[in-house]
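Asker: Right, I'll just put the structure down here and ask away after.
Numbering (my numbering), first residue to last: 12 to 450.
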């Protein structure tokens, strides 16, 4: 399988090259040259299959030509060491709980898979240099990637995050690890962090001397594995007798998650349509309304992992549908909500159903309440455990949010960070100096 750039001005590459490079030289994102449509028999029998069986079959469609099947299956099963259950919240609305992994966030799936596949390519490759993983985070990406790569030989991880704009729990999950993980506190917003990472990939001097890659959803090995749990959700709904007219609602920031769902749909997943649910960062919502994409500075919200003003994976959505606005809007609708509406939704859902939402899941749940049509079954992505936003959630609902033991362990660690401006020259100097490069 070859991978091409969404900007179509760079040579096609192998999977190994796409994973290690992360971003194409022409600043485009890599996409698989073809998307295999899975046979009818797969979907007829999916209700009887385990999560591992489903995910292994999907993984082979993407990666089976480039990794021995037994090794690929091992990577998949090791990645998915936790469940992603579908939970009924109320009639016609289900939560796909993606917070049962090591860092209690949906990004554990992609981060763990990428760590293992990157290690595989390092071991079989000829380049003996250490791989330096650069990752920008607005919340859960940093913790998922840091913990997914922790202690893996041959890989150093540099996590860039916006100062004061991630929750204390999220921050502790990647600033207390040490070893091969370095946390960099950027004086700016998430978009500044993402810009620094992308600029490093395109800097000739750095790339001549260093082996750089990204663990953000711009990397194909990060976003594609997220398709696994869309198929698993359908399997669970089919078992429950609710497998028709399914609407998938995805709280969306950098749009890697929903892009994985759209690729699952292209592979034949029987989903009727998708909803991209936004907080106040409404760039994609505005595009759906008028066909014009106008990036803007992100604004801080209580659903901070979605605080993105220029979502990278928008390029992949355009590529999937030939830059055709009508095709995109025929399958995807959107919503945008203020902090006040998100807070009210958490309180209302808990009061009526007893189900505890985190701020991101609340955006997805509210979108289904608003846009679900008669006869449709809605599934929203509950992307993080409510305890990761303990203070915010407790201020909205009249209950105590229990802190899982895994989060307590992070909170007891010693915070270690490197302060950084939002200027690329400073970040470049950091990479030179910390890696003992000559100025």
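Ideal Cβ positions, reconstructed from N, Cα and C, are used throughout, including at glycine.
In three-state DSSP terms, what is residue 145?
Answerer: Mapped onto the chain shown, residue 145 falls at position 134. DSSP places residue 145 in strand when its eight states are reduced to three.
Asker: Taking the beta carbon of residue 341 as the centre, do at least 16 other beta carbons fall within 10 Å, making it buried, or is it exposed?
Answerer: Here residue 341 is taken as the residue at index 330 of the chain shown, counted from 1. The residue is exposed, with fewer than 16 neighbouring Cβ atoms inside 10 Å.
Asker: Assuming residue 374 and residue 288 form a contact by the criterion Cβ under 8 Å, report the distance between their Cβ atoms to the nearest whole angstrom.
Answerer: Here residue 374 refers to the residue found at position 363 of the chain shown. Here residue 288 refers to the residue found at position 277 of the chain shown. That belief holds up - the Cβ atoms of residue 374 and residue 288 are roughly 4 Å apart, short of 8 Å.
Asker: Is the separation between the beta-carbon of residue 269 and that of residue 261 shorter than 9 Å?
Answerer: Within the chain shown, residue 269 is the residue found at index 258, counting from 1. Within the chain shown, residue 261 is the residue found at index 250, counting from 1. Cβ atoms of residue 269 and residue 261: closer than 9 Å.
Asker: Classify residue 253 as helix, strand or coil using the three-state DSSP reduction.
Answerer: Here residue 253 corresponds to residue number 242 of the chain shown, with the count starting at 1. DSSP places residue 253 in coil when its eight states are reduced to three.
Asker: With 9 Å set as the bound, which would you pick, yes or no: does the beta-carbon of residue 413 sit closer than that to a beta-carbon of chain C?
Answerer: Among the chains of the structure shown, chain C does not appear; only one protein chain is present.
Asker: From this set, 33, 90, 54, 88, which residue's C-alpha is nearest residue 275's C-alpha?
Answerer: Position 264 of the chain shown, counting from 1, holds the residue named residue 275. Among 33, 90, 54, 88, the Cα nearest to that of residue 275 belongs to 54.
Asker: Are the Cβ atoms of residue 482 and residue 359 separated by less than 9 Å?
Answerer: No statement about residue 482 is possible, as the shown extent of the chain runs from 12 to 450 and does not include it.
Asker: Leaving out five residues before and five after residue 448 in sequence, what residues of the same chain have Cβ atoms less than 6 Å from its Cβ?
Answerer: In the chain shown, counting from the first residue as 1, residue 448 sits at position 437. For residue 448, the pLDDT reaches just 44, beneath the cut-off of 50, and the residue's location in the model is therefore unreliable, leaving the point undetermined.
Asker: In chain order, what residues of the same chain have a beta carbon less than 8 Å from the beta carbon of residue 45, not counting five sequence neighbours either side?
Answerer: The count along the chain shown starts at 1 and reaches residue 45 at position 34. 12, listed in sequence order.
Asker: Taking the C-alpha atoms as reference points, what is the distance between residue 246 and residue 59?
Answerer: Sequence index remark: in the chain shown, residue 246 carries index 235 (1-based). Sequence index remark: in the chain shown, residue 59 carries index 48 (1-based). Taking the straight line joining both Cα atoms gives about 8 Å.
Asker: Go ahead and pull the three-state DSSP assignment for residue 431.
Answerer: The residue you call residue 431 lines up with position 420 of the chain shown. Correct three-state label for residue 431: strand.
Asker: Exposed or buried, residue 419, counting other C-beta atoms within 10 Å across all chains shown (16 or more means buried)?
Answerer: Locating residue 419 in the chain shown gives position 408, counting from the first residue. Exposed.
Asker: Over what stretch of residues does the alpha helix (DSSP H) that includes residue 382 continue unbroken?
Answerer: Residue mapping note: residue 382 aligns to position 371 of the chain shown, counting from 1. Its alpha helix (DSSP H) spans residues 370-382.
Asker: Counting Cβ pairs closer than 8 Å, one from the stretch 199-211 and one from the stretch 304-314, do we hit at least three?
Answerer: Segments in contact, yes.
Asker: Just mark residue 372 as buried or exposed, buried being the case when its beta carbon has 16 or more other beta carbons within 10 Å.
Answerer: In the chain shown, the residue the question calls residue 372 occupies position 361. Buried is the call here.
Asker: DSSP on residue 99, reduced to helix/strand/coil?
Answerer: Working through the chain shown from its first residue, we reach residue 99 at position 88. The answer is strand: DSSP assigns residue 99 an E or B state.
Asker: Secondary structure at residue 442, three-state DSSP: helix, strand or coil?
Answerer: If you number the chain shown from 1, residue 442 lands on position 431. Here residue 442 sits in helix by DSSP.
Asker: May I ask which residues mark the beginning and end of the alpha helix (DSSP H) holding residue 179?
Answerer: In the chain shown, the residue the question calls residue 179 occupies position 168. Element bounds for residue 179: 179-186.
Asker: With DSSP run on the structure shown, which of helix, strand or coil describes residue 366?
Answerer: The residue given as residue 366 occupies position 355 in the chain shown. It is coil, neither helix nor strand.
Asker: Since residue 387 is in the beta strand (DSSP E), which residue starts that stretch and which ends it?
Answerer: Against the chain shown, residue 387 aligns to sequence position 376. Unbroken run through residue 387: none, as it is neither H nor E.
Asker: If you follow the alpha helix (DSSP H) that residue 3 is in, where does it begin and where does it stop?
Answerer: In this structure the chain extends from 12 to 450, so residue 3 is not present and cannot be described.
Asker: Could you spell out where the alpha helix (DSSP H) holding residue 225 opens and where it closes?
Answerer: To locate residue 225, count along the chain shown from 1; it is residue 214. Residue 225 -> not in any alpha helix (DSSP H); beta strand (DSSP E) instead, spanning 222-225.
Asker: Should residue 26 and residue 15 be called a contact, given that it needs their Cβ atoms to be closer than 9 Å?
Answerer: By 1-based counting over the chain shown, the position of residue 26 is 15. By 1-based counting over the chain shown, the position of residue 15 is 4. Contact flag unset, no.
Asker: Ignoring anything shorter than 3 residues or poking outside the stretch 63-121, list the beta strand (DSSP E) runs there in chain order.
Answerer: Here the runs fully enclosed are 97-101, 104-108.
Asker: Measuring only the C-alpha atoms, how far is residue 230 from residue 185?
Answerer: Translated into the one-based positions of the chain shown, residue 230 becomes position 219. Translated into the one-based positions of the chain shown, residue 185 becomes position 174. Computed Cα separation, rounded: 20 Å.
Asker: Output the distance between the C-alpha atoms of residue 62 and residue 135, rounded to the nearest integer angstrom.
Answerer: The count along the chain shown starts at 1 and reaches residue 62 at position 51. The count along the chain shown starts at 1 and reaches residue 135 at position 124. Straight-line Cα distance between these residues: approximately 28 Å.
Asker: Report the CB separation of residue 251 from residue 129 in whole angstroms; it is logged as a contact under 8 Å.
Answerer: As a working mapping, residue 251 is identified with position 240 in the chain shown. As a working mapping, residue 129 is identified with position 118 in the chain shown. So it is not a contact: roughly 36 Å between Cβ atoms.
Asker: Which residues bound the beta strand (DSSP E) around residue 56?
Answerer: Here residue 56 refers to the residue found at position 45 when the chain shown is read from its first residue. Per DSSP, residue 56 belongs to no beta strand (DSSP E); it is in the alpha helix (DSSP H), 51-56.
Asker: Which residue wins for smallest C-alpha separation from residue 86, given the options 177, 321, 68, 29?
Answerer: Translated into the one-based positions of the chain shown, residue 86 becomes position 75. When each option's Cα is compared against that of residue 86, the closest is 68.
Asker: If we ignore side chains and look at the alpha-carbon of each, how far apart do residue 102 and residue 286 end up?
Answerer: Along the chain shown, read from residue 1 onward, the residue named residue 102 stands at position 91. Along the chain shown, read from residue 1 onward, the residue named residue 286 stands at position 275. Rounded to whole angstroms, residue 102 to residue 286 spans 19 Å at the Cα level.
Asker: Over the uninterrupted alpha helix (DSSP H) stretch that includes residue 419, give me the two end residues.
Answerer: Counting from 1 along the chain shown, the entry for residue 419 is found at position 408. Note, residue 419: alpha helix (DSSP H), 416-422.
Asker: Buried or exposed: which applies to residue 442, given that a residue is buried once 16 or more other Cβ atoms fall within 10 Å of its Cβ?
Answerer: Within the chain shown, numbered from 1, the residue matching residue 442 stands at position 431. Classification for residue 442: buried.
Asker: Give the DSSP-derived three-state secondary structure of residue 345 in the structure shown.
Answerer: By 1-based counting over the chain shown, the position of residue 345 is 334. DSSP places residue 345 in strand when its eight states are reduced to three.
Asker: Short check: CB of residue 318 to CB of residue 264, under 9 Å?
Answerer: Within the chain shown, numbered from 1, the residue matching residue 318 stands at position 307. Within the chain shown, numbered from 1, the residue matching residue 264 stands at position 253. Yes, these two residues count as a Cβ contact at 9 Å.
Asker: For residue 334, which of helix, strand or coil comes out of DSSP?
Answerer: Translated into positions along the chain shown, residue 334 becomes position 323. Correct three-state label for residue 334: coil.
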